[in-house]
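Report on the structure given below.
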Amino acid sequence: YCLVGIGGSENFYSTFESELHDHIPVIHSSIGDCRIVGRLTVGNRHGLLVPASTTDSELQHI
């Protein structure tokens, strides 16, 4: 999956979604109420590591 921050440029994100939607789901989310999800998470085929500040609702959304 592809995590993207909430509230970014829709033109930018629509490019990702149009290219990836057949193969990879694009998820709009925040991590610890922060929009810079790429700097706060790391993942591979075995799972996703998130900081302790991640809320339960954010985890459910992901």
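So the sequence shown is residues 1169 to 1230, counted in this note's numbering.
Think of the CB as a built atom: it goes at the ideal place given N, C-alpha and C, for glycine as much as any other residue.
Pair within 8 Å by beta-carbon distance, glycine 1200 and proline 1219 | Cβ distance < 8 Å, so glycine 1200 and proline 1219 count as in contact.
Can you list the beta strand (DSSP E) stretches of 3 or more residues lying completely in the segment 1172 to 1209, in chain order?
-> Qualifying beta strand (DSSP E) stretches, in chain order: 1194 to 1197.
Cα-Cα separation between valine 1172 and histidine 1196, rounded to whole angstroms = Their backbone Cα atoms lie some 5 Å apart in a straight line.
Report yes if the C-beta distance between cysteine 1170 and isoleucine 1192 is below 8 Å; otherwise report no.
-> Yes, the Cβ-Cβ distance between cysteine 1170 and isoleucine 1192 is below 8 Å.
So histidine 1229 is in the alpha helix (DSSP H); what residue range does that whole segment cover?
-> Taken as a continuous stretch (DSSP letters only), the alpha helix (DSSP H) holding histidine 1229 covers 1224 to 1229.
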